[in-house]
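Structure record follows, encoded as structure tokens.
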Amino acid sequence: MPYQLLPIAKAVRQITFWHAACDTIAINQKEGELLIMSTDQQQQNLTGKQVVVIGGTSGIGLATVIAAAAQGAKVWACGRSAEHLDKARAVVGDRVELVQLDTHDDDGLRALFEKVGQIDHLVSAATGGTRTLKPFIEQTEEQFQAAFGKLWGYAKVARIGASYVAKDGSITFVSGAPARRFKPNMSALSCVGGAVENMVRCLAVELSPVRVNVVSPGIIDTALFDWMGNEKNERVAAMTQGQLVKRIGRPEEVASALIYLMNNPYATGTTVDVDGGQLLS
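Be aware that the sequence shown starts at 2, since it is given in our numbering, and climbs by one per residue.
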């Protein structure tokens, strides 16, 4: 069904019949009309858009690449691991441009952005640093600083990439529940996540009208937990039993939030939590 503009009185009478087929009902206040958008139209919101995902060859990043391509975007997926690139290629085939790139590589980032040209949506989901998990007092200064590689990588992507992003485009990062969920042995992760989320708000102000946001995942089923081996299911069940949603999250569930922030032209400077209610438990 195409866009239809109707006087409000008439639209209200018809809305009961249309609600099942429509995802969005927007009011045009100046004209006093309702804009009806069909489900089919919303499913292709990224058609013709250019999307770059740094850290896009595994986990949440790869799920975002797949979702963006499914909505019709031209996607570049970047990662530093040759193994991850090969696995991603087996999944996406020739639908996506795959680039071997480290988020800390200034020249590599510039070369990529020059090749793409105008970027509609820039996503950075790269880890970029070391996950320092130990009591604060037992951490060396070097270990604490190493965790901040994620922040420096994100800052580099934003600083180099911002001038390539369309004025009506977006930059989106990925933080994590530890940014606002404080538990023992996670001081480094918490500090890094908090810094990322604050940087996003600063960039939203400075880079406007480009929109800048961040998605904060909880416990998500990625390669991060592969070291658990045969004990993974039992360990993950124990980790998530206190959550409101008592299971591990899936990468595509986080990716859907990243896609939402690309598509929503009124969202900026915000954090979207996808954590199964972890922050409330």
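Just so it is clear, CB atoms sit at the ideal spot from N, CA and C, and this is done for glycine as well.
Test item: CB-CB of residue i and residue j under 9 Å
i: G177; j: W153; result: no
i: I172; j: H105; result: no
i: K157; j: Q144; result: no
i: G250; j: I221; result: yes
i: A83; j: L63; result: no
i: S125; j: F183; result: no
i: T141; j: E198; result: no
i: V282; j: G230; result: Contrary to the premise, residue 282 reads as Ser rather than Val in this sequence. It is not a contact, given that the beta carbons lie outside the stated cut-off.
i: V76; j: V92; result: no
i: V201; j: V255; result: no
i: L47; j: N265; result: no
Which listed residue (the options) has its alpha carbon closest to that of residue i
i: R181; options: G170, A126, V193 and S171; result: V193
i: V246; options: I221, G277 and K135; result: G277
i: P210; options: E232, K168 and N234; result: K168
i: I61; options: A127, E198 and A156; result: A127
i: I55; options: T65, G80, I260 and Y267; result: G80
i: G49; options: G73, P185 and I138; result: G73
i: S191; options: A205, K151 and S164; result: K151
i: Y267; options: N234, A163 and V213; result: V213
i: A148; options: T133, S217 and L110; result: T133
i: G270; options: T241, L259, V206 and L225; result: V206
i: F137; options: S188, I161 and D103; result: S188
i: G170; options: I161, G57, Q146 and L208; result: L208
i: V166; options: V237, P218 and L113; result: L113
i: G1; options: L86, T58 and I161; result: No answer is possible for residue 1: it lies beyond the span of the chain, which begins at 2 and ends at 282.
i: E253; options: T65, V117 and S59; result: T65
i: S59; options: N234, L262 and L225; result: L225
i: Q279; options: T241, S257 and Y261; result: T241
i: P218; options: P179, R111 and D107; result: P179
i: R111; options: T223, A159 and E235; result: A159
i: E115; options: V237, L262 and Q51; result: Q51
i: L102; options: E235, E232 and A78; result: A78
Environment of residue i [buried if 16+ CB atoms lie within 10 Å]
i: C203; result: exposed
i: D274; result: buried
i: E139; result: exposed
i: A239; result: exposed
i: S164; result: exposed
i: Q119; result: exposed
i: L259; result: buried
i: P185; result: exposed
i: K31; result: In this prediction, K31 scores a pLDDT of 46, lower than 50, which makes its location untrustworthy; the coordinate-derived value is nonetheless stated afterwards. When all chains shown are included, K31 counts as exposed.
Strand pairing of residue i, partner residues [DSSP]
i: L123; result: V53 and I172
i: V215; result: F174 and T272
i: C79; result: I55 and V100
i: I221; result: G250
i: V166; result: I120
Any non-hydrogen atom of the ligand MG closer than 8 Å to residue i Cβ
i: G73; result: With respect to the ligand MG, the structure shown offers nothing to examine, as it has no ligands at all.
Q: Inspect the CB distances between the stretch 87-101 and the stretch 67-78 and report whether three or more fall short of 8 Å.
A: Contact holds: three or more Cβ-Cβ distances are below 8 Å.
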